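S.K.: One rule links them: number in this note's numbering = place in the sequence shown (from 1) + 711. Handing you a structure now.
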Amino acid sequence: MPSSRLAYCIIRNARLAAGLIASVALFACGGGGGGGAGNAAFFVPPAQQPAAPAPSGTSGESTVLMRVKPEAVGVNCSLGGARVEAGLDADSNHVLADSEVTSTQYICNATAGVDGLSTLVRMRAEPAGSNCAQGGSQVLAGKDLNRNDVLEDSEVTSSAYVCGGVPGATGAAGSSGRDSLLAFAAEAPGGTCTYGGQRVQSGLDLNANGVLDAAEVTATAYVCAAAPADTRWVSVTASNVQTESNTGYQANSGTGVTLTLPPAPTVGDWIKVVGAGSGGWTIAQNAGQRIDTRGLPGGTDFDWRSVAPAGSWVGLASSADATHLAAVSSIGELYTSIDSGASWVLRLPVQTWSGIASSSDGLKLLAAVNGGALFRSTDGGDTWTNDGSSRAWTAVASSADGSRLVATAYLGQIWTSADGGSSWTARESSRAWRSVASSADGRVLVAGTNGGQLYVSTDYGVSWTARANGQFWWSVAASADGSILYATVDTGAVWVSTDSGTTWGAQSVNRDWRGIATSADGRYVVAATSGGSLYESSDRGQTWHATSDGGAWTAVASSADGVKVAAAKSGSTIQLGTRRTSTTLGIAGSISGGQQDSLELQYVGGGVFMPVGYVLANLAFVVR
């Protein structure tokens, strides 16, 4: 076959295949029901990789192939999207191997979840020039914004070039080539395509009869229809309803509606619930099911329990996993626990303790005495040594490995140690220092004064810079990398910095704030108030809500993931709180909303449903 006819056949089939591969919906066909009519997902059996032939470069030595794959949420696309790969078919097998990919483009979603828009790709010849010295192909990609199944120039958001190589010497004439053929057939709704679609088979026309015979099929792909453009809504007035997958429910009752999750969902299935009636709604679970509640208002509240004797507690410290805990009282006691607060051991005699800090493993402890010495332990509190000092120590902090320590003295200086407390160096000036916190490596430090400014160091305490304005700063906390810093003000607000202390802003209402603690990433924060409640935030201090009973709360400490928190009241027991991350597993778990509250859940496997959208008219969802 002459080379021109071979190229024509490839071009002809490339356009068919490009149209086939053009539609890609992320994660599954029509996830969440957000797709519009005509939206399609390109599904390929795991063992196959479809490739779309396209015109060769001007040299004619290799065909340009391309393929489109879903791109998961990650570095390339923060909300997921599609990956378009292209390259020369070096081995002439009409399959784009990973080693042949020379260009990769990403078409990313603008919003979370399926946006109902197909991802389209097309190729056009690229003449010899600045983009391709020998000519080649330009691969264009973008979203089908007007839903006409054609990638128009105005919809192109990404392009790349696959260039032909330098022409080689003319070889001997070869045997006639074969056409690539495609065959289309309807695919009924079922396991492959939930809502039906088309089955597409491809292969070489080995017998040259212009028909793709069964024996010539080498690859099969599916173009799946998306979910119907409109959600199927069911109005519910009964007290109990068994839900079906991919259906919306209007809870339209004055006495409340309980809707049980689908008993056997498949990954990608969803349900929607809207509170139309005054009685609200509850989503109940089957055995082995749970609902992830992180990110939902009320979804990360704490369950609290008493875990220690009563005392005038002024300081708490926690290991990264909250297994090791330590607590100090202003009138005498220093206690430690190695079983997450189940039992406590009195470690040191009566002292006027003012603060305590811990390494991430809970073995290295530093405790301060107001008007006395600094005490150190390297075995979790079994044995102790002190530095022999006598200062008005107010607060201490430790790096994750316990090697870098910092301590503040009221109307004294800041002292730092780079050898686990064996030696100390005086830093900064004498001020009314009240609190101090450290990043995990000890590089970023923040210290608060009583009536003065906050001071920040980014060089392990060697130099300090005054930040914010004069306040009665009470307590401070730092994320592991030191980028997010928190500070509480007595009869003021909680202040937050997201640039390692350079700038600060008030992020709460004025209260009698006391101790504060944060997770390693700075997202989850708990702060104490004197005479009020504990308050928690799961959005880096932007919003706060009460999460405990009232009392003279003084100090808090957090695990690295923010799931476990120890909190202390003056004259009462220590409380250990466990943050919810999901409903209770099985039939005992549920989530409830009120009138005008709505929630959409999608099944992600392993018995877990995740929220993909909500509207909240009331204060919070009720999680059990």
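We put the beta carbon where it would ideally sit given N, CA and C, even for glycine. Note that the structure is a prediction, hence the values are computed from the model and not measured.
Figure out for me which residue from SER1283, VAL1267, THR1258 has the closest Cα to the Cα of ARG1291.
M.R.: Residue numbering aside, residue 1291 sits at position 580 when the sequence shown is read from its first letter. It is THR1258 whose Cα lies nearest to the Cα of ARG1291.
S.K.: Tell me, which residues are paired with ASN859 by DSSP?
M.R.: Translated into the one-based positions of the sequence shown, residue 859 becomes position 148. Per DSSP, none; premise fails for ASN859.
S.K.: Mind listing, in chain order, the continuous beta strand (DSSP E) runs of no fewer than 3 residues lying wholly within the segment 1258-1299?
M.R.: Correct list: 1262-1269, 1275-1283, 1285-1290.
S.K.: Between VAL1157 and ALA1189, how many whole angstroms is the CB-CB distance? I'm expecting something under 8 Å.
M.R.: Reading the sequence shown from its first residue, position 446 is the one you call residue 1157. Reading the sequence shown from its first residue, position 478 is the one you call residue 1189. Right, the Cβ-Cβ distance comes to about 6 Å (below 8 Å), so this counts as a contact.
S.K.: Should SER810 be listed as close to the ligand MN, given that the test is whether its C-beta is under 7 Å from any heavy atom?
M.R.: Ligands displayed in this structure: none; no statement on the ligand MN is therefore possible.
S.K.: Name the DSSP beta bridge partners of TRP1215, please?
M.R.: As a first step, residue 1215 must be located in the sequence shown, where it is residue number 504. DSSP lists no partner for TRP1215.
S.K.: In the DSSP assignment, find the beta strand (DSSP E) that holds CYS819 and state where it starts and stops.
M.R.: In the sequence shown, residue 819 corresponds to position 108, counting from 1. Segment 814-819, the beta strand (DSSP E) holding CYS819.
S.K.: Smallest Cα separation from ASN963: which of ASN957, TRP944, THR977, GLN1164?
M.R.: On the sequence shown, residue 963 is found 252 positions in, with the first residue counted as 1. Among ASN957, TRP944, THR977, GLN1164, the Cα nearest to that of ASN963 is on TRP944.
S.K.: Starting from TRP1055, trace the beta strand (DSSP E) both ways and give me its first and last residue.
M.R.: Translated into the one-based positions of the sequence shown, residue 1055 becomes position 344. Per DSSP, TRP1055 belongs to no beta strand (DSSP E) and is neither H nor E.
S.K.: Which whole runs of the alpha helix (DSSP H) in the segment 1199-1257 are 4 residues long or more, in chain order?
M.R.: none
S.K.: Would you kindly report the start and end of the unbroken beta strand (DSSP E) that includes ASN1081?
M.R.: Residue 1081 sits at position 370 when you count from the first residue of the sequence shown. 1076-1083 is the extent of the beta strand (DSSP E) around ASN1081.
S.K.: Is it right to say PHE895 is buried, meaning 16 or more other beta carbons lie within 10 angstroms of its own, or is it exposed?
M.R.: Numbered from its first residue, the sequence shown carries residue 895 at position 184. Per the 10 Å Cβ criterion, exposed.
S.K.: On the three-state DSSP scale, how would you describe GLY1014?
M.R.: Taking the first residue of the sequence shown as 1, we reach residue 1014 at position 303. Note on residue identity: the sequence assigns Asp, not Gly, to residue 1014. Note: ASP1014 maps to strand in three-state DSSP.
S.K.: Which whole runs of the beta strand (DSSP E) in the segment 1295-1334 are 3 residues long or more, in chain order?
M.R.: 1301-1304, 1309-1316, 1319-1326
S.K.: Looking only at its own chain, which residues have a Cβ that is under 7 Å from the Cβ of GLU837, when we skip the five neighbours before and after it?
M.R.: Here residue 837 refers to the residue found at position 126 when the sequence shown is read from its first residue. So the qualifying residues of the chain are CYS843, GLY846, GLY847, SER848, GLN849, TYR872.
S.K.: Under 8 Å, do ALA1084 and VAL1147 count as touching if we go by C-beta distance?
M.R.: Here residue 1084 corresponds to residue number 373 of the sequence shown, with the count starting at 1. Here residue 1147 corresponds to residue number 436 of the sequence shown, with the count starting at 1. Cβ atoms of ALA1084 and VAL1147: not closer than 8 Å.
S.K.: Pick out whichever of ASP809, ALA1118, LEU1045 has its Cα sitting closest to the Cα of SER1100.
M.R.: For this step, residue 1100 is matched to residue 389 along the sequence shown. Comparing Cα-Cα distances from SER1100 to each of ASP809, ALA1118, LEU1045, the minimum goes to ALA1118.
S.K.: Could you tell me the distance, in whole angstroms, from the CA atom of GLY743 to the CA atom of GLN1313?
M.R.: Here residue 743 corresponds to residue number 32 of the sequence shown, with the count starting at 1. Here residue 1313 corresponds to residue number 602 of the sequence shown, with the count starting at 1. Summary for GLY743: the model assigns pLDDT 34, below 50, so the residue's position carries little reliability; its value from the coordinates is reported in the next sentence. About 7 Å.
S.K.: Name the two residues that bound the continuous beta strand (DSSP E) containing ARG1178.
M.R.: Start at 1 with the first residue of the sequence shown, and residue 1178 comes out as number 467. For ARG1178, the enclosing beta strand (DSSP E) has its first and last residue at 1176-1178.
S.K.: With a Cβ-Cβ cutoff of 8 Å, do LEU831 and LEU862 count as a contact?
M.R.: One-based indexing of the sequence shown puts residue 831 at position 120. One-based indexing of the sequence shown puts residue 862 at position 151. Closer than 8 Å, so yes.
S.K.: May I have the straight-line CA-CA distance separating GLY792 from SER1301, to the nearest angstrom?
M.R.: Here residue 792 is taken as the residue at index 81 of the sequence shown, counted from 1. Here residue 1301 is taken as the residue at index 590 of the sequence shown, counted from 1. C-alpha separation (whole angstroms): 32 Å.
S.K.: Have a look at ALA932, ASP890, SER913 and flag the residue whose alpha-carbon is nearest the alpha-carbon of CYS904.
M.R.: Position 193 of the sequence shown holds residue 904. Per the Cα distances, ALA932.
S.K.: Relative to the C-alpha of VAL1018, which candidate in HIS1035, SER789, ASP809 has its C-alpha closest?
M.R.: For this step, residue 1018 is matched to residue 307 along the sequence shown. With distances taken between Cα atoms, VAL1018 lies closest to HIS1035.
S.K.: Measure how close the beta-carbons of ASP1098 and GLY1132 come, nearest whole angstrom, since I'm counting them as under 8 Å.
M.R.: To locate residue 1098, count along the sequence shown from 1; it is residue 387. To locate residue 1132, count along the sequence shown from 1; it is residue 421. So it is a contact: roughly 7 Å between Cβ atoms.
S.K.: Does the segment 1032-1049 come close enough to the segment 1270-1278 that 3 or more CB-CB pairs lie under 8 Å?
M.R.: yes
S.K.: My guess is that TRP1206 and ALA1191 are in contact by the Cβ rule of under 8 Å, so how many angstroms apart are they, rounded?
M.R.: Counting from one through the sequence shown, the residue named residue 1206 turns up at place 495. Counting from one through the sequence shown, the residue named residue 1191 turns up at place 480. So it is not a contact: roughly 19 Å between Cβ atoms.
S.K.: Look at the Cβ atom of ALA1143, then the Cβ atom of TYR1121, and state whether they are nearer than 8 Å.
M.R.: One-based indexing of the sequence shown puts residue 1143 at position 432. One-based indexing of the sequence shown puts residue 1121 at position 410. For ALA1143 and TYR1121, yes; Cβs fall inside 8 Å.
S.K.: Pull the bridge partners of ILE994 from the DSSP assignment, please.
M.R.: In the sequence shown, residue 994 corresponds to position 283, counting from 1. DSSP, once it has assigned bridges, lists LEU970, ILE1302 as partnering ILE994.
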